[in-house]
Structures are given as C-alpha cells and as structure tokens.
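Q: Using UniProt numbering, you'd call the opening residue of the sequence shown number 1 and step up by one each time. Even for Gly, the Cβ is constructed at its ideal location relative to N, Cα and C. Here the structure is a predicted model, which means the values were calculated and not measured.
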Amino acid sequence: SDHMENICGYLMKYTNLVTGWQYRYFVLNNDAGLLEYFVNEQSRHLKPRGTLQLAGAVISPSDEDSHTFTVNAASGEQYKLRATDAKERQHWVSRLQICTQHHTEAIGKNNPPLKSRSFSLASQGSANSPGVQRRPSQNAVSFFSVGHHRLPTGKRVPIMQPDHLVDVREMMSQAEGQQRDLIRSIECLPASGHLTSLDQDLLMLKATSMATMNCLNDCFHILQLQHASQQKGSLPAGTTISWLEPKISLANHFKNGAAQNFPAEINKPASVREEQSIAEPCQLTREPEEINPDEELEDICDDKEDDLGAVEEQRSVILHLLSQLKLGMDLTRVVLPTFILEKRSLLEMYADFMSHADLFVAITSGSSPEERMIRFVEYYLTSFHEGRKGAIAKKPYNPIIGETFHCSWRMPRGSVATDAGTSSSAHCPSERVTPPKDAEGRAEPDCYTVKFVAEQVSHHPPVSGFYAECVERNMCVNAHIWTKSKFLGMSIGVTMVGEGVLHLLEHGEEYTFSLPCAYARSILTVPWVELGGKVNINCAKTGYSASINFHTKPFYGGKLHRVTGEVKQNMTNTVVCRVQGEWNSVLEFTYSNGETKYVDLTKLSVTRKRVRPLEKQGPFESRRLWQHVTESLRDGDIDKATEHKRALEERQRNEERLRAETETPWCTKYFLKDGDGWVYHKPLWKTVSATQTQQTDSN
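1) Write down the C-beta distance between Glu296 and Arg610 rounded to the nearest angstrom, noting that I regard them as a contact closer than 8 Å.
2) Report the option in Thr51, Leu34, Val93 and Glu289 whose CA atom is closest to the CA atom of Gly618.
3) Determine the direct distance from the alpha carbon of Leu560 to that of Thr574, and round the result to whole angstroms.
4) Once DSSP output is grouped into helix, strand and coil, what is the label at Pro509?
5) Using three-state DSSP, classify Gln81 as helix, strand or coil.
6) Round the Cβ separation of Ala518 and Leu531 to the nearest angstrom and send it over; I've been treating them as touching at under 8 Å.
7) Hey, how far is the Cα of Arg651 from the Cα of Leu625?
8) Quickly, what does DSSP pair His503 with across the bridge? List them, please.
9) Leaving out five residues on either side along the sequence, give the residues of the same chain with a beta carbon under 6 Å from the beta carbon of Lys553.
10) Rank Phe620, Tyr544, Ile537 and Phe589 by C-alpha distance to the C-alpha of Ser345 and give the top, closest one.
11) How long is the line joining the alpha carbons of Ile107 and Ile222, rounded to whole angstroms?
12) Going by C-alpha distance, which of His551, Val168, Thr564 and Thr512 is nearest Tyr544?
13) By the 10 Å Cβ neighbour count, where 16 or more other Cβ atoms means buried, how is Val77 classified, buried or exposed?
14) Go through the stretch 350-383 residue by residue and report every complete run of the alpha helix (DSSP H) that reaches 4 residues or more, in order.
15) Going straight from the alpha carbon of Trp21 to that of Leu11, what length do you get?
16) Check whether the Cβ atoms of Val567 and His551 sit closer than 8 Å, and answer yes or no.
17) From which residue to which residue does the alpha helix (DSSP H) around Ala641 run?
18) Assign Asp199 to one of three DSSP states: helix, strand, or coil.
19) If you draw a straight line from the C-alpha of Gln101 to the C-alpha of Gly56, how long is it?
20) Buried or exposed for His356, please, with buried defined as at least 16 other CB atoms from any protein chain shown within 10 angstroms of its CB.
21) Nearest-angstrom Cα distance between residue 700 and Thr590?
22) Look up Leu684 in the DSSP assignment and say whether it is helix, strand or coil.
23) Can you give me the start and stop residues for the alpha helix (DSSP H) that Arg624 sits inside?
24) According to DSSP, simplified to helix, strand and coil, what is Thr68?
25) Quick check on Pro399: buried or exposed, where buried means 16 or more other Cβ atoms within 10 Å of its Cβ?
26) Taking the Cβ atom as the reference point for each residue, do Thr364 and Asn538 lie within a distance shorter than 8 Å?
27) Use the C-beta contact count for Pro461: other C-beta atoms within 10 angstroms, 16 or more gives buried, fewer gives exposed.
28) Let me know if Glu64 comes out buried or exposed under the rule of 16 or more other beta-carbons within 10 Å of its beta-carbon.
29) Taking 8 Å as the cut-off, decide whether the C-beta atoms of Val497 and Lys484 are in contact.
30) Would you identify the three-state DSSP class for Ser345, choosing helix, strand or coil?
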C-alpha cells in the first residue's frame with residue numbers, strides 16, 4: 001500500500017499490423033483499479049480511448065526486449081506496451097502489479113471461497129454427502145444443484161436453472177470434457193520414441209491446462225455464490241446449494257497420471273509397522289527429560305542438499321502437483337512429494353542456526369549496550385548461511401506433534417571474544433577469555449557449553465518452540481515459530497510467524513527479534529532459496545534497536561541475497577552502525593567512528609553440534625523418529641522413503657482423531673503456553689532468580 005500511487009505518462013501501444021506502435025497517454029487509477037489511455041495528455045479530460053480492469057489481470061514483462069510488457073486483463077483483452085527504457089518499464093510493471101494484487105485480493109475478500117466448497121442455506125446440509133462428489137459422467141446441469149433434505153425417499157431432487165448461467169455451465173462442461181480428452185491423449189502416448197508421455201512440453205501443457213480449469217471453476221463458483229445470495233430470500237427452508245468439486249485430492253501424488261501403489265500391509269517392512277504401532281505420545285512419559293551433554297557425541301552427519309537428480313527424475317510429479325495448486329493457496333496441509341525433502345527435521349534446522357555458537361556466547365561480553373546490540377546483529381546475520389544445507393532449496397520434514405530435538409555445542413573459552421571494543425576488533429585479533437575461577441579458587445571448565453532443545457508444540461497450526469542456554473555466560477534464548485507456506489506461482493513463500501527473546505542475565509537485558517520470510521524460487525528448474533522482508537531487534541532497557549531488510553531480487557537488475565540494516569539509539573535517533581552485503585557471502589559493518597569491519601561468512605569457523613547416538617534417543621526425538629525416511633533418501637529409494645513418511649503421518653492423524661474423540665488435550669513436554677507464545681518450562685532466568693533468592697535468604 002506504500003507504493004499505491006497514481007502514475008501517468010506516455011507509452012507506446014501496439015495497435016495492429018497496419019498501424020503498428022503508437023504513442024498514447026496512460027493513466028493508472030489505483031483507487032478504481034483501472035488502466036486508462038488517451039490519445040494525448042491534452043485529451044485527458046475526455047472519455048478514455050480504452051480502459052482495462054486490473055483485478056485478476058496478469059502483468060508480464062516481455063522476453064523480446066527490455067522495454068516491452070503486456071497487460072492481460074481477466075476479460076481476455078490485452079495491451080502490448082513499450083516504455084522508453086528498461087527502468088521505466090520496471091516502474092510501470094511494479095506499480096501495475098501492486099495495483100493488480102490489491103484489487104484481486106479485495107475481490108477474494110468480498111467473495112471468500114467456502115472451506116467445504118458447499119454453500120448451505122440450512123444447517124442440515126452436508127458437503128460430504130455422496131451427492132457432492134463430482135463424477136466424470138455428470139453433465140453440466142448437475143454442476144449446480146438445489147436439494148431439499150427432507151423430501152420423501154425416491155422423490156427426484158429439483159434442479160435450479162439460473163438462465164444467465166446456463167450457457168456458462170454448458171461451455172464449462174465442454175471445456176472440461178476437452179481437457180480430460182487432452183490429458184488422456186497425453187498419458188496414452190508411449191513411454192519412449194519421438195513423442196512420449198514424458199515430453200517436457202506436453203507435461204507443461206498438461207499442468208497448465210489443469211490449472212486453467214481449476215481457475216475457471218473457482219470463477220464460476222463465485223458467480224454461483226453471487227446468484228445464490230440473490231435467490232436466498234425466495235428459496236424454501238432446508239435448501240442446500242452445493243458446489244460439486246471436480247478437483248483431484250492433493251493427498252494423493254501421481255506419476256504421469258498413474259497413482260502410486262504401495263505394498264499391502266502384509267508386505268510392509270517391519271520398520272513401517274513399528275512406526276504405525278508406536279503408542280499414543282501422551283501415554284508415553286511426558287515428563288521433561290534432562291539430557292546429559294556428556295552422552296552427546298560430535299555430529300558427523302553432513303547431508304548437503306546439492307543433488308538435483310531426484311528433482312530432475314520426478315519433474316512430472318512436480319508439474320502434476322503444481323497443476324492442482326492456486327495462487328496464494330496455504331500449503332500447510334498439502335502433502336508434498338518425498339523427493340523434495342531435506343534429510344533433517346525442521347526442528348534440527350532451527351538448531352543449525354546456532355552453528356556459530358562462539359559468536360552467540362560472545363554477545364554478553366560486549367562492554368556497552370551499543371556493542372552488545374551490534375554483536376547480536378552480527379550473530380543474527382551469520383546464522384542463516386549455515387542454517388541452509390547446500391544451494392538447492394529443499395524442504396525439511398514437517399515435525400510430528402510431540403517431536404523433540406536435543407543437541408549442544410562446546411567451545412574452548414579461548415576461542416570466544418572478550419569485551420574488546422568493536423572498532424579495534426575490526427582490525428586486530430580479538431582478545432581471548434582466560435579461564436576464570438570460582439568462589440573457592442578452583443578453575444572452572446575450560447569450555448563453554450550451549451544446550452539446545454526444540455519441541456513441536458502444535459500441529460494445527462504448526463508451531464515449534466526452541467530454547468538454548470549457556471549457563472557459564474548467564475544467557476539464554478527462547479523462541480516460538482509458526483510456519484505458514486503459500487504457493488506463489490513459480491515459487492513458494494514461507495512466513496515465520498512468532499518471535500524470539502534473547503536474555504543477557506548478567507546485564508538484565510532482553511532482546512526481542514523476529515525472522516524473515518523464506519522463498520523457494522524456480523521450483524520447476526533449479527530451486528534456490530531467497531530470504532525477504534524486514535525484521536526488527538529491540539532492547540527496551542537500553543533503548544537500542546536494529547532494523548534489518550532482506551531484499552528479494554527485483555525483476556530488473558539488483559543482486560541476490562542482499563541485506564541492509566542499521567543499529568540506532570532510539571532516544572537520540574542516532575545511527576551507530578550500518579550493515580550491508582549478502583547474508584550468505586560477505587557482510588560489511590560500518591561504525592559511527594568511520595571504521596569498517598568485513599565478515600566473510602564462507603570462512604567463518606563452524607562449531608559442530610553434539611547429538612546423542614540413535615540408540616540413546618527417545619522414540620520421538622527427530623533423528624530416531626525420521627531415521628528410516630532419512631536412510632531411504634540417502635539410498636535414493638524415494639518409494640521406500642515415501643512409505644515410511646506416510647506411516648508417520650497416518651499415525652499422527654490417528655492419534656489426533658483419538659484425542660478428538662476422547663476430548664483429551666495434547667500435553668507438551670518442555671514448553672508451556674504463555675499468552676500467544678510458548679516458553680521453556682525451566683528457563684535460565686527462573687533458575688538464576690531462584691538461586692539469588694536462596695543466597696539472599698541464607699545471608
């Protein structure tokens with residue numbers, strides 16, 4: 001909305017082969033959602049020569065040159081336009097896209113699709129009845145049906161025939177039949193030869209035709225609802241208007257139109273039967289478990305996600321899945337193909353953000369509030385690079401409710417920077433901490449230990465809680481994250497809803513922070529990850545804050561993975577540090593005294609996490625829970641990995657159904673609900689506070 005501005009100016013418009021290109025004066029009316037044009041600026045007060053409604057339009061820069069773009073209206077009308085240069089084209093395209101998105105979303109809000117695809121005028125109506133299921137043999141007339149639920153058995157259900165929708169229904173029915181014939185023709189082609197059923201162009205045609213029909217069905221659904229609302233007053237009580245859904249269930253995945261067949265129960269591996277038969281989690285011990293760091297061993301797993309083989313081989317599955325998704329669709333409950341998965345759980349991914357643990361524990365060593373904020377920003381910006389496993393965008397496992405992950409990091413005290421000033425540390429080796437002594441003069445351990453625990457505390461919505469602490473440094477961090485993913489066309493966007501709080505108990509400071517959005521781009525070719533959005537870090541006690549922008553690459557020019565930010569003192573509004581660079585490459589910090597520090601993320605040392613061996617892990621710890629899926633992915637056996645994954649998901653659904661039937665609430669193990677967030681059950685700030693109280697009482 002910040003960029004919703006009315007713009008105007010001359011553009012060249014392609015008229016026809018005879019007339020060719022002509023200069024016309026264009027006006028973008030954001031309030032009305034219209035693109036209008038006039039012969040020239042002087043005739044602007046007259047009736048426009050042409051007008052396009054932008055709601056539902058598609059704005060497309062042309063590949064033929066850097067000046068041309070098209071505006072394709074939902075009505076089918078198209079303007080082919082040309083700007084004077086690439087910069088002007090980008091200006092028009094971006095403003096048109098913003099206006100289009102705004103008015104398209106407004107239509108969606110005014111006409112929200114019903115969850116069950118059923119518009120009911122009576123509470124007795126059920127969208128799950130057999131009559132609601134779309135069958136290929138149904139004709140156009142049955143597309144829109146009005147039923148009376150209390151009619152005598154065998155009496156024919158009357159059909160409502162709105163005159164203005166008859167032609168539309170007939171054309172939709174014909175189009176659906178032609179589309180089915182097209183799909184059938186493609187799938188009947190041989191698997192080898194000159195033209196095969198796996199031809200990339202044909203697969204793209206198959207996917208886009210299905211997506212087009214889905215879009216048309218949704219538009220027709222809106223028309224139905226509008227007509228139904230107009231007829232509402234004249235319909236008898238007990239009437240239900242049902243939308244008969246022709247779409248294929250997203251719960252099933254297909255390979256070139258054929259359903260995947262899984263072995264029968266009797267042929268399932270013992271590991272799958274074991275996954276399905278694990279007892280209800282709440283019947284297991286839900287008491288918090290104290291993990292002994294001495295039982296943890298340095299992690300030797302190094303599953304880089306740089307293999308494109310599976311993605312290339314399963315391109316037809318991706319195309320089929322994309323054909324069933326809609327722009328803006330929430331993917332939270334969509335079961336995605338197994339081959340696009342990383343070999344780790346989302347909970348472990350959160351742990352990998354702590355891989356530069358030496359920078360984390362060094363935050364509290366800052367000699368001033370300003371330096372501590374700058375150190376936190378430095379740690380924060382370095383965490384995302386190591387959190388990604390390779391350059392290929394893959395999706396971590398969706399954690400099962402009750403799933404947990406434990407690990408720790410150990411660092412020699414000498415490897416952690418002390419409170420040397422920020423400016424000097426930019427050019428000189430940081431001073432190192434000498435092992436301190438306790439009250440009785442004994443030397444404390446020569447290592448710092450950071451302990452980490454994460455738990456999936458909710459399934460719908462999917463919320464994860466994680467907590468990390470370093471007792472020796474008197475610091476901890478607590479966070480809860482709700483992941484919301486949406487389909488954006490040729491990319492997938494993931495929003496991280498929630499916040500984290502870093503506690504520096506030695507200084508009595510709390511730093512609140514959020515996380516950026518993540519995007520998987522180019523999902524049909526070589527998928528890659530991009531971060532985007534603005535995040536804020538605030539410390540209420542000191543009055544210091546940081547504003548960080550993760551920039552997505554614009555259509556024209558620009559760099560990938562760019563990030564900028566600044567740290568300021570809110571009371572004086574003074575900027576004390578600016579940062580710029582790439583979050584996966586080199587960051588440049590410029591301080592108020594003019595000095596500069598460069599951080600090369602590719603050369604930073606990584607502290608390997610320590611994890612308990614599988615045999616010592618509980619049945620709901622991430623690596624043990626997903627071990628068969630992970631092993632199958634490593635072996636390249638996608639079908640077997642899918643089978644294990646389905647077993648886990650089915651068990652979770654059965655458990656959720658059982659809890660609903662018995663009205664048994666889910667009980668978490670390590671995290672407690674606190675308002676809208678989740679807090680670790682035994683955080684360091686409570687432990688330290690209790691210890692100080694005991695010492696005060698004893699004195």
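A: With the structure as the only source:
1) 4 Å
2) Glu289
3) 29 Å
4) Reading the sequence as shown, one finds Glu at residue 509 and not Pro. DSSP places Glu509 in strand when its eight states are reduced to three.
5) Reading the sequence as shown, one finds Leu at residue 81 and not Gln. Residue state, collapsed to three classes: strand.
6) 6 Å
7) 12 Å
8) Cys476 and Glu510
9) Leu560
10) Phe620
11) 10 Å
12) Thr512
13) Note that residue 77 corresponds to Glu in the displayed sequence, not to Val. Label assigned to Glu77: exposed.
14) 357-361
15) 10 Å
16) no
17) Ile638 to Thr662
18) coil
19) 8 Å
20) buried
21) Here the chain comprises residues numbered 1 to 699, so residue 700 is not present and cannot be evaluated.
22) helix
23) Ser622 to Leu625
24) strand
25) buried
26) no
27) exposed
28) exposed
29) yes
30) strand
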